[in-house]
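A quick write-up on the structure given underneath.
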Amino acid sequence: MLRNIWTKSSRTIATCERNIFSSTESSSALWRTKTQNPKSSIQQIQKRPNKRLLTTSTSKTTEATTTDVLEPTTSQLRIVALHSGIPMIGFGFMDNLVMIQAGEAIDMSLGVAFSLSTLTAAGFGQCISDVAGFTCGGIVDATVAKMNLPTHGLSQVQLKLKPSRIATTVGGCVGVVFGCLLGMSCLLFMDTDRADRLKKEKELTSIFQSVMDEGHKLVNADRCALWMADETKKESDELWSRVVTGTNKKEIRVLKNVGSVVGTCFTTGEVINISDAYQDERFNKQVDAEFQYRTRSIVAVPVKNKEDGKVIAVIQMINKKKEDGSDGVFNDVDVKMIQMLASHVSHFVKVVTGS
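Heads up, the sequence shown is in this note's numbering, so the first residue is 1341 and it goes up one at a time.
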């Protein structure tokens, strides 16, 4: 029995030795394999399921895909700028054209009636222009769509690249500036100073109306008129008046020459005092026939600019009346009173016209 136990123990020990030897031999072979061919060992490790490695591999693949996006060519960027600039030309043209036309209309109507400044009228015109741009934006887009512009062939990812964004911005800026300049071309065919002239004339009319209403009472004259040079034309030879007491006519014009009493006063800058108008060859009798009036005495006093002494207007008094209502003639005291009035008128003209 002891022999049998010894025999089994010997067999068990022999089996263990064989297993240890086999394990040692396998480990040696594996080490030689790793040393001689490291790639194959790495491949064997990668074959094992590992969620962390898969995630890393996936993220690297995504980065590689983003990096591999082709940059747009120069011709493609030009087309991108063209697609951005053409619509902006339409918007810029419409914006400036509507703003100028609307602002001019407001300045000529509400601006003159309520003495609004040109900037205020331009602000209202811009509001109308913005509304027009918002409501008519679809028309511009539809028109551009029908132009069959060349296609750039870029993807959405390529359009988000920096060169594409720069081309879009530059094209839009150039387009809107060019469109605004085209919209401003209407200024070549407009009288841009007309509204200013109307405003000045209105202010002059209101100021001189009050002055002349009281002026003829200072010297007890029957009628009074204020004549001014027509500055709407550079080489105008006319004097105009909108303030004539005793008449309903809106405007009267006479020639600015020595052939008339007012024209002679304006040209020479001297005071003219006539006791009998019909005895003076400078008096136009047709004026009396037109207004059904009989002129007897006349005095004309120039209104001079205090800075350079230039004659800018003429105050004319007609038919001096005595205290009893009979006809008289203008004396030196009357002339001095009218000259004082002319000094005030000169100041008003400077305030209104800024000259």
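Note that CB positions come from ideal geometry on N, CA and C, so glycine has one too.
| Asked | Found |
| --- | --- |
| Does the beta-carbon of ILE1479 have 16 or more other beta-carbons within 10 angstroms, so that it is buried, or is it exposed? | exposed |
| For CYS1476, collect the residues of the same chain with a Cβ closer than 7 Å to its Cβ; drop the 5 residues on either side in sequence, then sort them by chain order. | MET1434 |
| In the structure shown, what three-state DSSP assignment does LEU1489 receive? | coil |
| Between the C-alpha atoms of ALA1462 and ALA1482, what's the straight-line distance to the nearest angstrom? | 29 Å |
| Between ASP1616 and LYS1650, what straight-line distance do the alpha-carbon atoms span, to the nearest angstrom? | 29 Å |
| So, using beta-carbon positions, are ARG1622 and VAL1643 closer together than 7 Å? | no |
| Classify CYS1526 as buried or exposed, calling it buried when 16 or more other Cβ atoms lie within 10 Å of its own Cβ. | exposed |
| Which of the three DSSP states, helix, strand or coil, is assigned to SER1363? | Legend: pLDDT at SER1363 = 48, less than 50; position of this residue unreliable, no value from coordinates given. |
| With a threshold of 16 other CB atoms inside 10 Å of the CB of ASN1659, please say whether the residue is buried or exposed. | buried |
| Between the C-alpha atoms of ILE1429 and ALA1485, what's the straight-line distance to the nearest angstrom? | 14 Å |
| Please classify GLU1543: does DSSP put it in a helix, a strand, or coil? | helix |
| Tell me whether the beta-carbon of LYS1596 lies closer than 7 Å to the beta-carbon of ASP1620. | no |
| Is ASN1671 helix, strand or coil when you go by DSSP? | coil |
| Per DSSP, what kind of secondary structure is LEU1558 in: helix, strand or coil? | helix |
| So which of GLU1663, LEU1499, THR1635, ARG1537 has the shortest CA-CA distance to GLN1656? | THR1635 |
| Give every residue of the same chain whose Cβ lies closer than 8 Å to the Cβ of PRO1503, excluding the five residues on either side of it in the sequence, and list them in chain order. | GLU1411, PRO1412, LEU1417 |
| For SER1424, write down the residues that DSSP places opposite it in a beta bridge. | None, per the DSSP bridge assignment. |
| So, for MET1524: in the same chain, excluding its five sequence neighbours on each side, which residues have a beta-carbon less than 6 Å away from its beta-carbon? | ASN1436 |
| Please classify ALA1535: is it buried, with 16 or more other beta-carbons within 10 angstroms of its beta-carbon, or exposed? | buried |
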